[in-house]
Each structure stands twice: as structure tokens, then as C-alpha cells.
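Numbering (the working numbering), first residue to last: 87 to 153. Heads up, the beta-carbon is just placed ideally off N, CA and C, and yes, glycines get one too.
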């Protein structure tokens, strides 16, 4: 009787561990996606800043050249 109860408890613990691992894997995937989105947004912002500064430098250079 005790062995059967212990087996049932271990099975329950195993199921709990499996459900926890599933939750952890889902949270890891969400965190991974969130990190990639943040990196992507930072990259776009840096690209926009560099492009705008590059355009400003080109227009400034063209203006000074014409004047």
C-alpha cells in the first residue's frame, strides 16, 4: 500500500515537473522573442539616427559647396 502511494506521489511530482518545464519553456521562448524585438527596435533606431545624421551631413556639405 505504501509503495503504491509513493509511486502515485512520484507520478504526480513528475507531472508537476513536466508542467513546470512546459511553463518555463514557454516563458523562455517569450523572453527570447522579447529580447529579439528589443534588439531589432534598437537597431532600427540606430539606423534611423545614422541615416538622418548622414543625410544632414550630405545636405550641409552640398549647401556649403554651393555657397
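Can you give the Cα-Cα distance for residue 157 and residue 137, rounded to whole angstroms? The requested residue 157 does not occur in the structure, where the chain is confined to residues 87 to 153.
For residue 150 and residue 143, what's the separation of their Cα atoms in angstroms? Residue 150 sits at position 64 when you count from the first residue of the chain shown. Residue 143 sits at position 57 when you count from the first residue of the chain shown. Spanning the two alpha carbons is a distance of roughly 10 angstroms.
Cα-Cα separation, residue 111 to residue 98: Counted from its first residue, the chain shown places residue 111 at position 25. Counted from its first residue, the chain shown places residue 98 at position 12. The straight-line gap from Cα to Cα measures roughly 20 angstroms.
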